[in-house]
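Undergrad: Residue numbering for the sequence shown follows the working numbering, starting at 362 and increasing by one per position.
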Amino acid sequence: MIKDFLKAIRDFHRDDSGDVVQTAILVAVFAVLAIGGYMFLAPMVKNLFNKAGNELQRGNSYTY
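#1: Can you tell me the Cα-Cα spacing of Leu387 and Arg419, whole angstroms?
#2: Can you tell me which of the three DSSP states Met405 falls into?
#3: Is any heavy atom in the ligand MG found nearer than 8 angstroms to the beta carbon of Leu417?
#4: For Leu409, collect the residues of the same chain with a Cβ closer than 7 angstroms to its Cβ; drop the 5 residues on either side in sequence, then sort them by chain order.
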């Protein structure tokens, strides 16, 4: 019984043609791309919202 269990585990580890490995690699690549995109775009988005906020504050000072 234990020999069959160990054989099943060895066979599972030898068979790397399944979708599990491919899915894990794709998830890792997407995670790296998402983090890189966030690091690259975060300052630009923050600057955009700061400019919009400043314009709203400037427009708030007008009297009608």
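Note that the Cβ used here is the ideal one computed from N, Cα and C, for glycine as well.
TA: Per the coordinate set shown:
#1: So the two alpha carbons sit approximately 47 angstroms from each other.
#2: Look at Met405 here: in three-state DSSP terms it is helix.
#3: Absence of the ligand MG is noted for the structure shown, with no ligands found whatsoever.
#4: Contacts found: none.
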